[in-house]
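Undergrad: Input: one structure, supplied below.
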Amino acid sequence: MKQSILLQFLLGIVVCFGVFFCTNAEDPYRFYTWEVTYGIRAPLGVPQQVILINNQFPGPAIEAVTNDNIIVNVINQLDEPFLFTWHGIKQRRTTWQDGVLGTNCPIPPHTNWTYKFQLKDQIGSYMYYPSTLMHRASGGFGAINVNQRSVISIPYPEPDGDVTLVVGDWYINGSKALQERLDSGLDLPLPDGLLINGAINSYSFTGQKGKTYKVRVTNVGISTSINFRIQGHPMTLIEVEGSHSLQEVYESLDIHPGQSVAVLVTLRWSVKDYFIVASTRFTKPILTTTGILRYIGSNTPASLPLPVGPTYHVHWSMKQARTIRLNLTANAARPNPQGSFHYGQINIMRTLVLANAKAQINGKLRYAVNGISYVDPTTPLKLADWFNITGVFCLNNIKDSPSPIPQVLGVSVFGFTLHDFVEIVFQNTESITQSWHLDGSSFYVVGYGGGNWTTGLRRRYNLVDGIPRHTVQVYPLGWTAILVSLDNKGMWNLRSQNWSKRYLGQQVYLRVWNDEKSLFTEADIPANALLCGKALQL
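And the structure:
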C-alpha cells in the first residue's frame, strides 16, 4: 500500500513537471469576448464617434481575484489595426500578451485575437486601454480590479461596497482628428472637458449612512493630471497600483495620467447629497466635472460651493506625493510582508538618466528621449528577438544619459540581464507635468525634486518605504528617481503616459534577457501569435 501511494505521488510530480501551468491548475479561468466597434455617444453633450466594447463606453470592468487566468477574445470591428494593453498587469514570464507594438502584431480589422494571461501574485486597481495610434483618445478603456484571495488578509476593515471610477480628460475631436493634428506638426490643445465613468456632471453613487466603501479611482486621461475629492468626506488611502499604502487621510488626491488609487470613504454625515469633484491640475483654465454621492433616503440635493481643490502650484502636489509610502507591515498578494524586500540595501548595477525633449525632426513635431524619437518598426521587437531577425533594432543604441546631440528618429532599446537592479531618473525638460509607465514590473519611487538631477541628490532618496508602483509623475523642470529589479524576462515598454508625446516618440524599450532556455523564466511564443513585418518571411 505504501509503495502504491509513493508511486502515485511520483507520477504526480512527473505529470506536474510535464505541464507548464500545472501549478496553476486550481486557479480559476475567466472568459471574455469583446467586440470592439465604433459608436455614437455624447460624453460632453455633443454627439461624436467613440470606441465601444460590447456597445459599452467606458468598456466593461474585469473583476477578478489574485492568480486568476484571464482569457479575452478581442474581435476588432474597427477600420484600423488595434491592440489592448493591460496597464500594470505584470505578465509574468511572458511579454507575448503585453499588447504594444513592440511585442505584438496588431489585430487586423474584422478579425479576432485571444489574449491569455494570469494575474499572478497581484492585487489592486489597474486598467486597460488601446495602445495603437491615438485610439485611446476615443475610448476603449476600462478598469481591472483584482481582489485578494480569501486566505490572504487585508490591512483594513472589509468595506461594505466597492466603487470603480475611471476619470480622465476628453476631446470632442476623436482619435483620428487628433492624430491628423499631431501628424501635421501641431501639438494638442487643452482638452474640452473631464469625464467620470464616461460622462460629465451626471455620475451618481448611492450609499448607506454608517457604511464604508472602497472607492477606486483611475486617471484614464491622455494628457492632464487630476485632483479628486468628495465634498465633506475625508479619504483614507489604502492602495496604490497594487501596493498597500500607509493609511494617511486626505481631503483631496492628485492622480496623474495612468495612475490608480483606492481609498476608504465612510458615510458618516447628514442624509443628503454631496458633490464628487474632479478637476485638472496645472492647467489654465482649470477644467472641472462633478458627480453625486447620494445617501439612501436623501431628499436634499448637493449644495454649493464645491469643495476647494489645490491651486496651480506644483510644490503642494510634490509634498503630497512624498507622503504616499508603502505599508511595510501589510501582506501582499501572498502572505509575506510587503516590506520584506529591502530595496535600499541592493547595489545599483546601472543608472539611466532619461531626459525628454521636444524637437523638430525632418520638419515635423516630435518628442525624444536622450536624443532618439522612437518609431515603431514594422516587425515587433519581441518577434525579431525571438526569431533572431536582423535589421530591426540594435541593443544599447541609446545613451544612458542625455548629451547635446541632434534629435533623430530611431528604435531605442536598452539591454539588461535578468535580475539587474537599476536606477532610472526621469529628467523633465518641459514646463508641464509628465507621467511615465513601465510594463512588466513595478518600481520603487525613491525621490522627487526640482531642477536637474545630480548624484548628490541620492542622499535624499527614500530607501525604506518608497511605494512600489508602475506609473510615476515627473514635475515641470524637475526629476523623479525610481529603483527597479528587472526580474521579469522579456521586451518591456517604458513610455510616456502623455499620449500625444508617446505617439510622437517619447518611449523606449527595456530588453531583459538571459541565455537560459527555461519555461520558468520565459514562456514560448504562443501558438496563436500573429506574425507581421519580416516575421512573415519565416
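For the sequence shown, the residue numbers in mature numbering (1 follows the signal peptide of the UniProt record, and there is no 0) are -25 to -1, 1 to 513. Ideal Cβ positions, reconstructed from N, Cα and C, are used throughout, including at glycine.
From I205 to V240, what distance separates their C-alpha atoms?
TA: Roughly 9 Å between the two C-alpha positions.
Undergrad: Could you tell me the alpha carbon to alpha carbon distance between G385 and D351, rounded to whole angstroms?
TA: 8 Å
Undergrad: Identify the residues that DSSP records as bridge partners of V400: which are they?
TA: V328 and A456
Undergrad: Taking the DSSP output, what are the residues bridged to A334?
TA: R341
Undergrad: Rank L281, Q66, I46 and D54 by C-alpha distance to the C-alpha of K464 and give the top, closest one.
TA: Q66
Undergrad: Helix, strand or coil for G319, going by three-state DSSP, please let me know.
TA: helix
Undergrad: Taking only the alpha-carbon atoms, compute the straight-line gap between C507 and Y101 and give it to the nearest angstrom.
TA: Going by the C-alpha atoms only, they are around 29 Å apart.
Undergrad: Tell me, please, whether the region 446 to 464 touches the region 304 to 312 by the rule of three or more beta-carbon pairs shorter than 8 Å.
TA: no
Undergrad: DSSP has F418 in a bridge; who is on the other side?
TA: R444
Undergrad: According to DSSP, what are the bridge partners of D229?
TA: N202
Undergrad: Less than 8 Å separating the beta-carbons of S387 and N372?
TA: yes
Undergrad: Are the region 420 to 431 and the region 190 to 205 touching by the rule of at least three beta carbon pairs closer than 8 Å?
TA: no
Undergrad: Is it the case that the region 110 to 120 contacts the region 68 to 77, given that we only count it when at least three CB pairs across the two stretches are under 8 Å?
TA: Judged by Cβ distances under 8 Å, the region 68 to 77 makes no contact with the region 110 to 120, as fewer than three pairs qualify.
Undergrad: So the candidates are H208, G168 and Y484; which of them puts its Cα closest to the Cα of G20?
TA: G168
Undergrad: With DSSP as the reference, please indicate the residues paired to W291 in a beta bridge.
TA: W291 is not bridged to any residue.
Undergrad: Rank G480, G185 and R156 by C-alpha distance to the C-alpha of K333 and give the top, closest one.
TA: That would be G480, whose Cα lies nearest to the Cα of K333.
Undergrad: For I50, which of N42, H62 and L27 has the nearest alpha-carbon?
TA: L27
Undergrad: Would you identify the three-state DSSP class for S113, choosing helix, strand or coil?
TA: helix
Undergrad: Could you tell me the boundaries of the beta strand (DSSP E) in which residue 566 lies?
TA: Within the shown structure, residues of the chain are numbered from -25 to 513, placing residue 566 beyond reach of any answer.
Undergrad: With distance defined between alpha-carbon atoms, name the residue in K259, L393 and V126 nearest to R486.
TA: L393
Undergrad: Given a cut-off of 8 Å on the beta-carbon distance, is the pair P22 and A174 in contact?
TA: no
Undergrad: By how many angstroms is the C-alpha of N274 removed from the C-alpha of G441?
TA: 45 Å
Undergrad: Here's a check: name, in chain order, each residue in its chain whose Cβ is nearer than 6 Å to the Cβ of D248, leaving out the five neighbours to either side.
TA: I267, R269, S273, P276 and A277
Undergrad: Provide the residue(s) that pair with T187 in DSSP beta bridges, ordered along the chain.
TA: T241
Undergrad: In the DSSP assignment, find the unbroken beta strand (DSSP E) run with A253 in it and report its ends.
TA: D248 to T255
Undergrad: By how many angstroms is the C-alpha of S378 removed from the C-alpha of V328?
TA: 10 Å
Undergrad: Is DSSP giving Y7 helix, strand or coil here?
TA: When DSSP states are grouped into helix, strand and coil, Y7 belongs to the strand group.
Undergrad: Where do the N-terminal and C-terminal ends of the alpha helix (DSSP H) with S273 fall, by residue?
TA: Careful: S273 lies outside any alpha helix (DSSP H) and carries neither H nor E.
Undergrad: Considering only residues of the region 468 to 500, which uninterrupted beta strand (DSSP E) runs meet the minimum length of 3 residues and lie entirely inside it, listed in chain order?
TA: Taking 3 residues as the shortest admissible run, the region 468 to 500 contains the following complete beta strand (DSSP E) segments, listed from N- to C-terminal end: 482 to 488.
Undergrad: Assuming A152 is part of the alpha helix (DSSP H), what are its boundary residues?
TA: S150 to D158
Undergrad: For W71, does the three-state DSSP call read helix, strand or coil?
TA: The answer is coil: DSSP assigns W71 none of H, G, I, E or B.
Undergrad: Tell me whether D144 sits in a helix, a strand or coil according to DSSP, three-state version.
TA: strand
Undergrad: Between the C-alpha atoms of Q335 and Q31, what's the straight-line distance to the nearest angstrom?
TA: 39 Å
Undergrad: DSSP has N29 in a bridge; who is on the other side?
TA: Residue pairing by DSSP places N29 opposite no residue, since no beta bridge is assigned to it.
Undergrad: Residues in its own chain within less than 8 Å of V40 by CB, not counting five upstream and five downstream?
TA: P3, L94, V121, N122, Q123 and R124
Undergrad: Where does N181 sit, in a helix, a strand or coil, going by DSSP?
TA: A small fix is needed here, since residue 181 is Thr in this sequence, not Asn. The answer is strand: DSSP assigns T181 an E or B state.
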